[in-house]
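Colleague: Remember, the working numbering sits 9 above the position in the sequence shown when you count from 1.
In this text, a Cβ means the ideal position worked out from N, Cα and C, and glycines have one as well.
Got a structure for you, questions after.
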Amino acid sequence: MIIKDIPALGLGTFRLQGEQAYQAVTDALDVGFRHIDTAQIYDNESEVGQALVDSEVPREEYFLTTKVWRTHLNRTGFIPSVKESLEKLGTDYVDLLLIHWPSPEDKTPMDEYLGELVKAKEMGLTKHIGVSNFTIAQLKEALHILPSGSLYVNQIEVQPFMQNREVRAFCATNDVKVTGYNPFYVGEVLKDEVILAIAKKHNTSAAQVALAWQLQSGLITIPASTNIEHMRDNFNSTRLTLASDDLVAIGKLDRGDRKIDPSFAPDWD
Ligand SMILES: NC(=O)c1ccc[n+]([C@@H]2O[C@H](COP(=O)([O-])OP(=O)(O)OC[C@H]3O[C@@H](n4cnc5c(N)ncnc54)[C@H](OP(=O)(O)O)[C@@H]3O)[C@@H](O)[C@H]2O)c1
10 MIIKDIPALG LGTFRLQGEQ AYQAVTDALD VGFRHIDTAQ IYDNESEVGQ ALVDSEVPRE
70 EYFLTTKVWR THLNRTGFIP SVKESLEKLG TDYVDLLLIH WPSPEDKTPM DEYLGELVKA
130 KEMGLTKHIG VSNFTIAQLK EALHILPSGS LYVNQIEVQP FMQNREVRAF CATNDVKVTG
190 YNPFYVGEVL KDEVILAIAK KHNTSAAQVA LAWQLQSGLI TIPASTNIEH MRDNFNSTRL
250 TLASDDLVAI GKLDRGDRKI DPSFAPDWD
């Protein structure tokens with residue numbers, strides 16, 4: 010069985026529903042994306058799965074991530090929910106299974122749901138395991154609970170206005186990859202004057218600058234799009250090389266401005 014590394018650029022599918030989700034995944038595969046990010050709560054696993062099944066891309070050539078929702082973080086619900094996801098996704102396994110959010114106020118103890126996550130891997134339901142929206146304190150606890158070297162990814166918000174440097178540094182020290190979600194701050198980053206000036210200098214788009222910054226910072230990034238031209242633009246960000254002064258200028262945009270902060274979020278670093 011092949012265990013692939015995660016492609017650094019993927020397609021996010023949050024907010025994509027029904028036919029739009031199906032078409033977005035179909036278009037993304039046509040453009041060349043080989044990494045798709047979904048979640049149980051996005052309510053689009055069936056459409057994402059159908060698009061993957063209908064495509065001519067062999068299963069071993071794409072990297073698929075889903076995330077277990079917080080109502081399933083218990084011994085009875087966890088594995089059945091993963092099996093339901095796989096059924097919807099039309100596959101026997103995902104490449105990466107994430108805990109979408111830590112259990113609020115540890116309502117379910119972490120060792121219980123991380124134990125189920127390990128079980129999912131042992132059962133072959135996923136190749137890799139990881140977490141999302143975990144703080145440094147929660148990552149420390151997770152690293153203590155999980156088998157050594159098995160925590161593959163922490164998926165967290167990273168965009169120029171919220172660079173999440175402390176968590177990223179902790180992950181780097183502990184050999185945990187970081188997927189930066191919400192790379193465009195749902196579009197607002199693309200209107201920023203500094204980003205636009207860098208784009209002009211390189212004769213490219215603001216979207217490519219925002220993504221190249223993530224990629225050159227060592228992050229995995231998962232922009233969402235429903236527009237095939239935007240997907241092509243995003244895909245080409247892998248060819249853009251920003252200069253060190255561009256990276257410094259984007260670094261200065263950090264103002265701790267977080268877009269995704271629901272009531273059940275942890276006590277952020
Ligand atoms: N783990 C978590 O808790 C969590 C939380 C939030 C998000 N995520 C993941 O991260 C992914 C990305 O975040 P997001 O969906 O919130 O927002 P995003 O990717 O930052 O922004 C998406 C928006 O950017 C636009 N866009 C995309 N490419 C563009 C381009 N080249 N030029 C101009 N506009 C462009 C899209 O419009 P068009 O459709 O018109 O292209 C859409 O309105 C999600 O889909 C999800 O998979 C994870």
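Counting Cβ pairs, one atom from each stretch, are 3 or more of them under 8 Å apart for the region 129 to 146 and the region 160 to 169?
Modeller: Flag = yes, the region 129 to 146 and the region 160 to 169 touch.
Colleague: I'd like to confirm the pairing. Which residues does DSSP put opposite M171 in its beta bridges?
Modeller: According to DSSP, M171 bridges with Q168.
Colleague: If you follow the beta strand (DSSP E) that H153 is part of, which residue opens it and which one closes it?
Modeller: Unbroken run through H153 is the alpha helix (DSSP H), 145 to 154; no beta strand (DSSP E).
Colleague: Please indicate yes or no: does the CB of P89 lie closer than 7 Å to some heavy atom of ligand 1?
Modeller: Every heavy atom of ligand 1 is 7 Å or more from the Cβ of P89, so no.
Colleague: I need the boundaries of the alpha helix (DSSP H) containing G27, first residue and last residue.
Modeller: Run containing G27: 27 to 40, per the alpha helix (DSSP H) assignment.
Colleague: Under the rule that 16 or more other beta-carbon atoms within 10 Å means buried, what is F273, buried or exposed?
Modeller: Exposed, by the Cβ-count rule.
Colleague: Could you check the C-alpha separation between S224 and M119 for me, to the nearest Å?
Modeller: As written in the sequence, residue 224 is Leu, which differs from the Ser given in the question. Cα-Cα distance, rounded: 31 Å.
Colleague: I'd like the list of long-range same chain contacts for L148, defined as Cβ closer than 8 Å, with 5 residues on each side in sequence excluded.
Modeller: V140, L160, N163, V176, F179, C180, N183, V185, listed in sequence order.
Colleague: Shorter than 7 Å, the distance from the beta carbon of A60 to the closest heavy atom of ligand 1, or not?
Modeller: No, the Cβ of A60 stays beyond 7 Å of every heavy atom of ligand 1.
Colleague: Determine whether the beta carbon atoms of S94 and Q49 lie at a separation below 8 Å.
Modeller: Yes, these two residues count as a Cβ contact at 8 Å.
Colleague: From which residue to which residue does the alpha helix (DSSP H) around V187 run?
Modeller: Segment 186 to 190 is the beta strand (DSSP E) holding V187; no alpha helix (DSSP H) there.
Colleague: DSSP state of F273, grouped into three classes?
Modeller: Reduced to three states, the DSSP call for F273 is coil.
Colleague: Give a single yes or no on whether Q164 has its beta carbon closer than 7 Å to a heavy atom of ligand 1.
Modeller: Yes; taking the cut-off as 7 Å, the Cβ of Q164 has a heavy atom of ligand 1 nearer than that.
Colleague: Exposed or buried, H109, counting other C-beta atoms within 10 Å across all chains shown (16 or more means buried)?
Modeller: Result: buried.
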